[in-house]
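Numbering (my numbering), first residue to last: 1 to 819. Beta carbons: idealized from backbone N, C-alpha and C, even for Gly. These figures come from a predicted structure and were not determined experimentally. Please read the structure below before turning to the comments.
Here it is as structure tokens:
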């Protein structure tokens, strides 16, 4: 074998461009630069005109000899007129575009990311020196040049048709075989491999030389070779060789010299890069498709259409699925690779034009595949050659194991969801039935409560007539109107008189409570002297208190004496509180009635303190329930019907006031009543109160709107009066049904809701309103006439922001919009 000779590489950006011949002298030429970025165009034009004296035109004219295109301009060389050669410039040009431009007739394709402007100008100059020479149409380079590709292990990965023609070895026989096994004689393979290693190490960019090859019929033929790395990492090599006997037939080469020393320069070697580019251009689409198939996420295999079914393609996904490397499959028969007859039939049998199967394919157990099998969809297609004969079978294997498992999980989840949906619908149905039943019971309870109140009211009137007669007669007897009584008769008459008066007081309480619940108790508001009412109330309980040696004290700290109130009902409030205090206080103690009106306040406070047994805080709500006592046993120590405090709370609420309790067991109790000093009726003189409908129907939305939701007219009037202290607010009284009608047309700043009104109208309207975007920043305030723990818990349960006891103060509204 002759030693390979090397020569310094000529300047070029990559092996995939056409190199011009370097001959001839430069005369004044013209070059057209089209589509280049302005910065690159200016640099290239300056280099050509100032260094090489080559004129540059923006468009090709009659004097232009060469056109330089930019790849992104989308103007292929075929757009230029006949006789003007073209080259293509660009950055990061894909292989497929290089091949496409070469096929369209470009002299060269250069990547300016790799080639400096000065080198690009030299290349343009060389093309002007050596214009294109048309090759004879009868000569095809691919008919005399063989192309092959091999990896670093020297196993063949590509074998052209011309290589098959020159060597007599088919592609299936050549692929995956080592070059040293058969192609190059054993005594010559050493220098060949050493030259490849020099390229891998970076010592040589490429190499060329003369080697003999061995054909399929064991003949030895002399050939000229040129070998280049396929990429910059030299992971694989591309070689092209030509028979020495046919070199003289090449129109692009001179006869070869038999000398192979350092001075040998076979002319054909300079033509091989052009030939390689042209050959690659013819097969660029196939190369691109092969690369894409190799990296697909689905398995692809190809077998020939013979009885043996020899594998010619086996991509990476097939290696993963079947756990067989390419070296174990390519070039081998199906029966050699797989022993399972079922698997062989699935991969090979096909009914033209295509067949689709789903199969469970066994596999070696792995951590990811503990079940040692996978489910695959296999599609097979028969390909035909130009003559219409079957040429090969292409199979596509798609691993659908995860998809089927996901589908099964999805179906199971859907079935579970359907079952849960049925259970939920059943639960909702039962809940709706329960709600309907509760509503019916509530209506029945309200009807029953009203019937009870009507009955008590009527029966009280019926009882009063005979009772008044009994009281009058006993009083007459005790006054000895009908004659003297002996001591025994007098004592018995006094018992009858006391019992009758007690019964009369009880009937009066029942009648008052029934009137209040029926809404028939109307207050007679007038100017009332609080001191006189307090003094008379104390006098009425002093006799009873004296029996327990309890003293009663009036502590008047109020700066005012007159307020707007119902004198009779105010006296009933204080009297009930004082009677309750005398009943439960310890003997030889003191009960106190305190009156106070702090400066600047619009309220007056009545506080009754005792030193009795006290009350648990958890029992506060029970003492205000009618007919309820904390000690319900038959042997209870304290007598009473449980109506006194219930009537007190109702009368305080009717006045628009509030009631607070402070007590601890064995530490006595304190009841504090707060009443407004002045009662307000509607709007101030000369003004009218706006309605919610008027507010909602305004074209412009009202800012700082405050809603008052309260069935108690006096409480509502007190709240509206207090809100006038903040003129920035627009305060409107409305009921839940009105709010539900206009809630989507308003955006309240705050809403004040009475808990008693909420219990009678429900809270559905609250949930609907809170879900509206315009109510997102609304401040919710709960209010009630009883300031006890149960009221605070109810406000918290219904998600109110704060709780206020009646009557509402001016500070409550002032704090809504801080100054």
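Non-local C-beta neighbours of residue 555 in its own chain, meaning closer than 8 Å and more than five positions away in sequence, comprise 592, 593, 594 and 595, ordered along the chain. Contact between residue 165 and residue 216 is absent: CB atoms are separated by about 11 Å, not below the 8 Å threshold. When C-alpha distances from residue 159 are compared across 795, 239 and 200, the shortest belongs to 239. Ranked by Cα distance from residue 663, the options 689, 504 and 607 are led by 607. A direct Cα-to-Cα measurement between residue 326 and residue 153 gives close to 14 Å.
Bounds of the alpha helix (DSSP H) holding residue 191 are 189–201. Of all C-beta pairs linking the stretch 701–718 to the stretch 736–752, three or more are shorter than 8 Å, placing the two stretches in contact. Residue 676: not part of any alpha helix (DSSP H); member of the beta strand (DSSP E) spanning 669–676, first to last residue. When 790, 778 and 787 are compared, the shortest CA-CA separation from residue 801 is found for 778.
Between residue 385 and the set 324, 193, 304 and 415, the nearest pair of CA atoms involves 304. Taking C-beta atoms as the reference points, residue 496 and residue 544 fail to come closer than 8 Å. Collapsing the DSSP output to three states places residue 363 in coil. Looking at 430, 347, 402 and 210, the one whose alpha-carbon comes closest to that of residue 382 is 347. Beyond the five residues adjoining it in sequence on each side, residue 493 comes within less than 6 Å, by CB distance, of 474, 477 and 478 in the same chain, given in chain order. Nearest neighbour of residue 618 by Cα position, chosen from 47, 703 and 788, turns out to be 788.
In the structure shown, the three-state DSSP call for residue 659 is strand. About 6 Å separates the beta carbon of residue 644 from that of residue 579, a gap short enough to meet the 8 Å contact definition.
Taking all protein chains in view, the Cβ of residue 572 is crowded by 16 or more other Cβ atoms within 10 Å, so the residue is classified as buried. For residue 341, there is no enclosing beta strand (DSSP E); the enclosing alpha helix (DSSP H) has its first and last residue at 341–348. Excluding the 5 residues flanking it on each side, residue 590 has same chain C-beta neighbours closer than 8 Å at 550, 551, 552, 553 and 611, in chain order. In the three-state scheme derived from DSSP, where H, G and I count as helix and E and B as strand, residue 65 is classed as coil. In the structure shown, residue 746 falls within a coil segment according to DSSP collapsed to helix, strand and coil. Within the same chain, Cβ atoms closer than 8 Å to the Cβ of residue 470 are found at 496 and 500, the five residues on either side in sequence being excluded. Closest in alpha carbon position to residue 377, among 65, 437 and 403, is 403. A straight-line Cα-Cα distance of about 6 Å links residue 795 and residue 782. Take residue 810, set aside five residues on each side of it, and the residues of its chain with a beta-carbon closer than 6 Å to its own are 722 and 725, in chain order. In this structure, residue 696 places its C-beta atom within 8 Å of the C-beta atom of residue 745. The three-state reading of DSSP puts residue 212 in strand, counting E and B together. Residue 163: member of the alpha helix (DSSP H) spanning 161–167, first to last residue. In this structure, DSSP gives residue 238 an extended state, which the three-state scheme calls strand.
Within 10 angstroms of the beta-carbon of residue 762 lie fewer than 16 other beta-carbons, which makes it exposed. With a minimum length of 3 residues, the unbroken runs of beta strand (DSSP E) contained wholly in the stretch 517–580 fall at 526–529, 551–556 and 562–565. Closest in alpha carbon position to residue 626, among 513, 110 and 94, is 513. Annotation: residue 298 is outside any beta strand (DSSP E) and is labelled neither H nor E by DSSP. CA-CA distance, residue 522 to residue 424, rounds to 50 Å.
Separation of the CB atoms of residue 175 and residue 299 is rounded to 19 Å, and the pair is thereby denied contact status at 8 Å.
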